[in-house]
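A quick write-up on the structure given underneath.
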Amino acid sequence: MNKPLTLITLLLCSLPLVVNGQTEPTDTVKTIGLDALVETNSPTELTKPNKQTELAKPSFWWRVGQWLLDYYINKPKEQDDPYYITPRQRWIFSTQLGLTNSGLGMNHVDARASMRLQTPTRITQSVTLSFRGLSLTLPIVNIDRTNDHDFTFAMFGNRFGIETSLRRSTSLKGKINHIGTSTVIDMPSGSVSSRDFDFDAYYAFQSKRFSFPAAYNLSYIQQRSAGSAFLSASIRHVRTTLDSLPIVTSGDAHIASNLFCIGGGYGHNFVFKNGWMFHFSGLTSISLITRNRLYIDGYEQMLHNKFPNTVNTLNLCAVRNGKRWFGGLRFRLHHATYGHSDYIQFTSTRTQLNFTIGLRI
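Using this note's numbering, the letters of the sequence shown map in sequence onto residues 1 to 361.
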């Protein structure tokens, strides 16, 4: 054997045995050098692991991405629960025919005037695509030919979930009544427009028995009747633009309202034969932070607020589940009151009635 090969062999044998960044514990460890061979039987004399061989800790975003990958892609099929089950199909495609009506009110005590605006009943055809609880709803066409639109993105889970919606209304119309007089000012369609942004989150206490997705995006199927109390938190932003506001000024103006609310409620799924299920849930929230501002030609005025400002929501739903096809009818009533009853108080009302039919793929 030539001399260079002998030296290479001795160098390889002199390296400590490392597995996953740690020295493998053995009763006898031999450290072989070029000049001499030293044998020891003491496990305390083990060679320290090389820092370069230790695996680097994953970053926060790497762990978040891995969790999303495991939950939505690599997540194994859940075992059937006696109260609800997970359909074998991951994708859900559905279409909705919706009837929507919105109202906006304002009482101005100093001006002794009240405004009541209402949209005509809007008929909308929309589609929803869902994947394991993630849902995106987009409008296709407004049958009544208005310029009002709704966009919704949601992630519904049994324990917690979120829903984000963006709405635009330009067909509000109504009247301004001066209290104590017979003066009535007409507000035609297009003179008032509003943009709403809502972010809602919930946490259900009885998530092992009660399933919110079984009534909302139908990513689960409720098998036995059950209910649960839940907590909620929401952020609401409303921007109302008025081309003519005689209550305050004859110029253009807009009002911006921001609310942060927390609340609670109760929901229940009633399961009947032949795949029928009825859902009921009610929610009451109180605004902890309310900011109302009036903007007129670049001038900003902070409006008064009086605690409590409240937001109430009622949901009713009927669902019929088949092997792949499903259908449902859902009603939602949303009412909010905010501002100050002694100065300027706002009310907002929205009712929705949706007929849904879909397919699990």
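Every residue gets a Cβ at the ideal spot worked out from N, C-alpha and C, and that includes glycine.
What did DSSP end up calling L306 once you bin it into helix, strand or coil?
-> Rather than Leu, the amino acid found at residue 306 in this sequence is Lys. K306: coil per DSSP, three-state reduction.
Measure the alpha-carbon distance for S219 versus L129 and round it to whole angstroms.
-> 11 Å
Alpha-carbon to alpha-carbon, A256 and N305 = 13 Å
Cβ neighbours of F346 in the same chain (closer than 6 Å, five flanking residues each side left out) = M106, Y338 and G339
State the Cα-Cα distance for the pair L166 and R195, rounded to the nearest angstrom.
-> 7 Å
Residues in its own chain within less than 7 Å of Y84 by CB, not counting five upstream and five downstream?
-> S211, A214, Y220, I221, Q222 and Q223
Any idea what DSSP makes of F93, helix, strand or coil?
-> strand
Thinking just about the alpha-carbon of each residue, which of A226, L294, T121 and T290 is nearest to the one in K371?
-> Coverage of the chain is limited to positions 1 through 361, which leaves residue 371 absent and any answer about it impossible.
Of the residues L288, T240 and G267, which one's Cα is nearest the Cα of S207?
-> G267
Using CA coordinates, which residue listed in A154, F151, R90 and I179 is at the minimum distance from R112?
-> I179
Closest residue to R90 among I143, Y202, L294 and N217 (Cα-Cα distance) | N217
Note down, in chain order, each residue of its chain lying with its Cβ closer than 7 Å to the Cβ of P188, except the 5 sequence neighbours on either side.
-> K173
Quick one: using the 10 Å Cβ neighbour count with 16 as the cut-off for buried, is A229 buried or exposed?
-> exposed
How about T137 and T119: are their beta carbons less than 9 Å apart?
-> no
Could you tell me which of R159, D186, R209 and S281 sits nearest to A318, measuring between CA atoms?
-> S281
How long is the line joining the alpha carbons of I92 and F307, rounded to whole angstroms?
-> 42 Å
What distance in whole Å lies between the Cβ atoms of R132 and H149, which are believed to be in contact at a cut-off of 8 Å?
-> About 27 Å separates the two Cβ atoms, so there is no contact after all.
Please work out which residues of its chain come closer than 6 Å, Cβ to Cβ, to F331, disregarding the five sequence neighbours upstream and downstream, and give them in chain order.
-> L316 and L353
In whole angstroms, what is the alpha-carbon distance linking A336 and L303?
-> 17 Å
Out of N142, W62, W61 and V109, which has the shortest C-alpha to C-alpha gap to G98?
-> N142
Across which residues does DSSP place R236 in a beta bridge pair?
-> D198 and L259
Pair within 9 Å by beta-carbon distance, S232 and G265 | yes
Looking at the C-beta of F131, does it have a partner C-beta in chain D at a distance below 9 Å?
-> This model lacks chain D altogether, as it is built from one protein chain only.
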